[in-house]
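Participant: Protein sequence lines, in the order shown, are assigned to chains A and B.
Per this note's numbering, the first sequence starts with residue 55, numbered consecutively.
Per this note's numbering, the second sequence starts with residue -1, numbered consecutively.
Yeah, the Cβ is synthetic: ideal placement off N, Cα and C, and Gly gets one too.
Input: one structure, supplied below.
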Amino acid sequence: MKRLPDALLMAVSAVILGIIAGALLMTAIGSNPFEGYYHLFRGGLMNMRRIGNTVAVSTTLILTGLSVAFAFRTGLFNIGAAGQMLIGGLCATAVGLQVALPRPILLVVMVLSAFAGGALWGAVPGFLKAKFNVHEVVATIMMNWIAYWVVYYAVPAFLKGDFLETESRVLPAYASLRVPWMTNLFDGAYVNMGLFIAVAMIFLIRFMLNRMTIGYELKAVGSNRHAALYAGIHVNRNIILSMVIAGGLAGLAGATFYTGYSANIQIGVLPIQGFDGIAVALLGANNPLGVLGAALFFGLLHAGKGFMNAMTGIPPEISDTIIATIIYFTATSILIGRGLNYLARRKKKGGK
Amino acid sequence: MWEIIVQIFPYAIAYTIPLLITALGGLFSERSGVINIGLEGLMVVGYFCTAITIRNLEAVAPGTAIQIGLLAGFAGGAVFALLHAFASINLNANQVISGTAINMMAGALTVYLARTITGSGNIQIRTGLLRRTIGGLSDIPILGGLFFTQTYATTWLVLALLILSWFVLYKTAFGLRVRACGEHPAAAASAGVNVYLMRYIGVIISGAFAGLGGGIIMVTYSGEFSGTVAGLGFLALASLIFGQWKPFGVLGSTFFFGFAITVANVSQVIPEFAVIPPIILRVFPYVVTLIALVVFSKSSQAPKAIGQPYYPGQG
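So this is what it looks like as structure tokens:
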């Protein structure tokens, strides 16, 4: 039980350092950081519609964050969530536009195809890692760019929009994850049924990791591959399985984003949410509930930035900079750890 | 066909050169034992520094603005790489996470600054580098048409840096020390090599070279900073692997990839190339890199200690 508070303390420190860095940047361009943050958070929270948008942004981040976190637990670094998400989104969009089915069945097929697309994109690096010991970081980076170009050529060729070559046709309302009662509840926000998928996945992954044999095996492979092999666990099978599930989760993120938050898919963009997922997983200490918290926080930073920009003129990229800074500080958490130790020691001395 | 090749050759080289210099930078970092997936971000930083410097100087010092701009890209990349060096060398951070942070930070921070300075996220410059045909050499049959017509000065600069890098890495004591730190840092340390210093130099060179690569994009074929180099940094990383961490291997792989990009770009307008679907050409570099990883998985020339933090006194 001692590890959780440590992880929490580390995460809070990284967030505080990131927010300080953001404040310094706002000051550097002559803006008032207090005003900046006030409008940033107000932009994400000030009414039902904005809260709904924050939740909608977070929905995607929960799933990419879970994807990265799940792979991490098996000792794999999934840098390919962006590509898996893109392929998931492509599959869901293609089904939504091309297949005629009654709405409930259509939505289920769309979501499943997104999972399958992402899973396939994760399976390739998993297979290469298991069979040939190809480093998954490099393999997933390559898969990201393969996904980027597949979408770049597949969308104009098969799903071309009416006016623009650079995006697909707009999904009809019956093929969207948005539902009227949610949209109305949140006053026209982008929030959609993807939220339920994301929350269900949090608990499913949590259950799997903590309560199921397969989760135990996956974690054993992550902690010590050789010990796991010696204990009779199929290491290679688990590596592939872990990447398949991680890829599938990122694929689901694609469904929630391209067929829920948005209504079509654009070419020439590797979705930033895939990389933000790394930040979400790190900040959430690779724990499903931690992922939820981190995704809500980063969702807030993203959802509020437009309002902040309109009110204060601070460029919206401040949010992305803060997130990147937080990743950097979580990577260097040893420094934070040293700092905290130092403070604890001083406090002890002072108390004497 | 030959005429078309001669025609597109200068473009292929223009695409190759930023890749080559960036991959060469990555080679120094990885040979010293530090993975650098932040090359993409470091290129963006150089791209930005070059753009902003030229924008400010081109009115007052039109003759030297481009040279100073490229120098600024070089320096900017080097300084930004210090973040990666500090995290991976002093703090034993996960080098992949630190590199990811560099990529994200570079993309966001430069656009943030560009927006503050110009109002939009883009920075335009009025004049880039001019192509020159080298008198005399361009008249050599075959080679003259390919290599000495319509060239940029930066091409020759980068080729000179390539030869210099090869010389430094393989023919000097310093190069041997850098490579030793990537293979077996503890052994290097026991021979009196300062592992931290060597790795710092490796990472700083990678930043400087990647920054120069970004700057070269700015002054040659782009002319406008837009906050992204669209994956060229990752392509440089792929070239580094495909070239098996060797300077001339990297030359070959970057040229291979640069040529593929060019053919994909022109395949719409040149009917001879239209038979190859452009998507094949686009994904080709990434697919062959994956295949290379599989093929070389038993005999990879990757530095042995790549990605491993060094603790003083470790056996």
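Report yes or no: do the stretch 204 to 218 of chain B and the stretch 34 to 53 of chain B share at least 3 C-beta pairs separated by less than 8 Å?
Facilitator: Taking 8 Å as the limit for Cβ pairs, the verdict is that the stretch 34 to 53 of chain B does touch the stretch 204 to 218 of chain B.
Participant: Near F126 (chain A), what residues of its chain come up, given a Cβ to Cβ distance below 8 Å and the 5 sequence neighbours on each side ignored?
Facilitator: Against the first sequence, residue 126 (chain A) aligns to sequence position 72. Cβ within range, chain order: N132, G276, A335 and N340.
Participant: What are the residues that DSSP puts in a beta bridge with I335 (chain B)?
Facilitator: Absent from the structure is residue 335 (chain B), since the part of chain B shown begins at -1 and ends at 313.
Participant: Measure the alpha-carbon distance for F124 (chain A) versus I259 (chain A) and round it to whole angstroms.
Facilitator: Translated into positions along the first sequence, residue 124 (chain A) becomes position 70. Translated into positions along the first sequence, residue 259 (chain A) becomes position 205. Each residue's alpha carbon lies about 8 Å from the other.
Participant: Select from A:P59, A:I251, A:P370 and A:A154 the residue whose C-alpha is nearest the C-alpha of S118 (chain B).
Facilitator: Translated into positions along the second sequence, residue 118 (chain B) becomes position 120. The candidate whose alpha carbon is nearest that of S118 (chain B) is A:P370.
Participant: On the criterion of 16 or more Cβ atoms from any shown chain inside 10 Å, does Y228 (chain A) qualify as buried, or is it exposed?
Facilitator: Along the first sequence, read from residue 1 onward, the residue named residue 228 (chain A) stands at position 174. It is exposed - the Cβ of Y228 (chain A) has fewer than 16 other Cβ atoms within 10 Å.
Participant: When DSSP labels each residue in this structure, what does K244 (chain B) get in the three-state scheme?
Facilitator: Residue numbering aside, residue 244 (chain B) sits at position 246 when the second sequence is read from its first letter. Residue state, collapsed to three classes: coil.
Participant: So, helix, strand or coil for L149 (chain B), using DSSP?
Facilitator: The residue you call residue 149 (chain B) lines up with position 151 of the second sequence. Reading the sequence as shown, one finds Thr at residue 149 (chain B) and not Leu. Strand, per DSSP.
Participant: What span of residues does the alpha helix (DSSP H) with Q65 (chain B) cover, start to end?
Facilitator: By one-based count along the second sequence, residue 65 (chain B) stands at place 67. Element bounds for Q65 (chain B): A63 to A83.
Participant: Are the C-beta of Y91 (chain A) and some C-beta of chain B separated by less than 8 Å?
Facilitator: To locate residue 91 (chain A), count along the first sequence from 1; it is residue 37. It does not; no Cβ of chain B falls within 8 Å.
Participant: Looking at chain A, is there any beta carbon in it that lies within less than 8 Å of the beta carbon of S295 (chain B)?
Facilitator: In the second sequence, residue 295 (chain B) corresponds to position 297, counting from 1. So, interface residue.
Participant: Let me confirm a value: N92 (chain B) is counted as buried when at least 16 other C-beta atoms fall within 10 Å, else exposed. Which label applies?
Facilitator: As a first step, residue 92 (chain B) must be located in the second sequence, where it is residue number 94. The residue in question, N92 (chain B), is buried, as its Cβ has 16 or more Cβ neighbours within 10 Å.
Participant: Run the CB neighbour count on E190 (chain A), radius 10 Å, all protein chains shown included, and call it buried at 16 or more, exposed below.
Facilitator: Here residue 190 (chain A) refers to the residue found at position 136 of the first sequence. Classification for E190 (chain A): buried.
Participant: Cβ of A146 (chain A) within 8 Å of Cβ of G308 (chain A)?
Facilitator: Taking the first sequence and counting its residues from 1, the one referred to as residue 146 (chain A) is at position 92. Taking the first sequence and counting its residues from 1, the one referred to as residue 308 (chain A) is at position 254. In contact: A146 (chain A) and G308 (chain A) (Cβ atoms closer than 8 Å).
Participant: Are the C-beta atoms of F271 (chain B) and some chain A residue less than 8 Å apart?
Facilitator: Within the second sequence, residue 271 (chain B) is the residue found at index 273, counting from 1. Closer than 8 Å: no.
Participant: Assign E28 (chain B) to one of two classes, buried (16 or more other C-beta atoms within 10 Å of its C-beta) or exposed (fewer than that).
Facilitator: For the purposes of this step, residue 28 (chain B) is taken as residue 30 along the second sequence, with counting starting at 1. Buried, by the Cβ-count rule.
Participant: On a Cα-Cα basis, can you pick out the residue from B:K244, B:P269, B:Q242 and B:V281 that is closest to F255 (chain B)?
Facilitator: Translated into positions along the second sequence, residue 255 (chain B) becomes position 257. Closest option to F255 (chain B), Cα to Cα, is B:V281.
Participant: Decide if the stretch 80 to 89 of chain A is in contact with the stretch 356 to 370 of chain A; the criterion is three or more beta carbon pairs, one per stretch, under 8 Å apart.
Facilitator: The stretch 80 to 89 of chain A is in contact with the stretch 356 to 370 of chain A.
Participant: Using a Cβ distance threshold of 8 Å, determine whether the stretch 264 to 275 of chain B contacts the stretch 50 to 59 of chain B, with at least three qualifying pairs required.
Facilitator: Not touching, per the Cβ criterion.
Participant: For I251 (chain A), which of A:A282, A:V298, A:F240 and A:G302 has the nearest alpha-carbon?
Facilitator: Here residue 251 (chain A) refers to the residue found at position 197 when the first sequence is read from its first residue. It is A:G302 whose Cα lies nearest to the Cα of I251 (chain A).
Participant: On a CA-only basis, which of B:L25, B:A184 and B:I6 is nearest Y309 (chain B)? Give me that one, please.
Facilitator: Taking the first residue of the second sequence as position 1, residue 309 (chain B) is located at position 311. Minimum Cα distance to Y309 (chain B) is reached at B:A184.
Participant: Less than 8 Å between CB atoms is the rule here; does K406 (chain A) satisfy it with respect to chain B?
Facilitator: Residue numbering aside, residue 406 (chain A) sits at position 352 when the first sequence is read from its first letter. Because K406 (chain A) carries a pLDDT of 44, less than 50, the predicted location of this residue cannot be relied on, and no value is offered for it.
Participant: Three or more C-beta pairs under 8 Å: does that hold for the stretch 98 to 118 of chain B against the stretch 373 to 389 of chain A?
Facilitator: Result yes; three or more Cβ-Cβ pairs closer than 8 Å.
Participant: Hey, out of B:R113, B:A83, B:A112 and B:L111, whose CA is closest to A319 (chain B)'s CA?
Facilitator: Any question about residue 319 (chain B) goes unanswered here, given that chain B covers just -1 to 313.
Participant: On the criterion of 16 or more Cβ atoms from any shown chain inside 10 Å, does S222 (chain A) qualify as buried, or is it exposed?
Facilitator: Translated into the one-based positions of the first sequence, residue 222 (chain A) becomes position 168. When all chains shown are included, S222 (chain A) counts as buried.
Participant: Quick one: what does DSSP say K56 (chain A) is sitting in, helix, strand or coil?
Facilitator: Within the first sequence, the letter at position 2 stands for residue 56 (chain A). Reliability of the predicted coordinates at K56 (chain A) is poor, the pLDDT of 44 falling under 50, and the value obtained from them is presented with this limitation in mind. DSSP places K56 (chain A) in coil when its eight states are reduced to three.
Participant: Measuring CA to CA, which of B:L167, B:Y110, B:G142 and B:W243 is closest to N34 (chain B)?
Facilitator: For this step, residue 34 (chain B) is matched to residue 36 along the second sequence. Ranking B:L167, B:Y110, B:G142 and B:W243 by Cα distance to N34 (chain B) puts B:W243 first.
Participant: Between which residues of its own chain and L343 (chain A) is the CB-CB distance below 8 Å, once the five residues before and five after are set aside?
Facilitator: Residue 343 (chain A) sits at position 289 when you count from the first residue of the first sequence. Taken in chain order, the residues that qualify are I256 and R260.
Participant: Which stretch, first to last residue, makes up the alpha helix (DSSP H) that contains I203 (chain B)?
Facilitator: Translated into positions along the second sequence, residue 203 (chain B) becomes position 205. Here the alpha helix (DSSP H) through I203 (chain B) covers V193 to I215.
Participant: Distance check for I319 (chain A) and G74 (chain B), CA to CA, integer angstroms please.
Facilitator: Residue mapping note: residue 74 (chain B) aligns to position 76 of the second sequence, counting from 1. Residue mapping note: residue 319 (chain A) aligns to position 265 of the first sequence, counting from 1. Approximately 35 Å between the Cα atoms of the pair.
Participant: Where do the ends of the alpha helix (DSSP H) carrying T128 (chain A) lie?
Facilitator: To locate residue 128 (chain A), count along the first sequence from 1; it is residue 74. First-last for T128 (chain A): undefined, no H or E at that position.
Participant: Counting Cβ pairs closer than 8 Å, one from the stretch 233 to 253 of chain B and one from the stretch 277 to 293 of chain B, do we hit at least three?
Facilitator: The stretch 233 to 253 of chain B, when compared against the stretch 277 to 293 of chain B, does touch it at the 8 Å Cβ threshold.
Participant: Looking at the strands, I want to know which residues DSSP matches up with Q327 (chain A).
Facilitator: Within the first sequence, numbered from 1, the residue matching residue 327 (chain A) stands at position 273. Answer by DSSP bridge pairing: none, since Q327 (chain A) is not bridged.
Participant: Which residue marks the beginning of the alpha helix (DSSP H) containing P158 (chain A), and which one marks its end?
Facilitator: Your numbering for residue 158 (chain A) matches position 104 in the first sequence. Run containing P158 (chain A): R157 to F186, per the alpha helix (DSSP H) assignment.
Participant: Between the stretch 236 to 261 of chain B and chain A, which residues of the former have CB atoms less than 7 Å from a CB of the latter, in chain order?
Facilitator: Within the stretch 236 to 261 of chain B, the qualifying residues are A236 and I239.
Participant: Please name the residue, chosen from B:T149, B:H182, B:I203 and B:S204, that lies closest to I304 (chain B) on a Cα-to-Cα basis.
Facilitator: Taking the first residue of the second sequence as position 1, residue 304 (chain B) is located at position 306. Comparing Cα positions, the closest option is B:H182.
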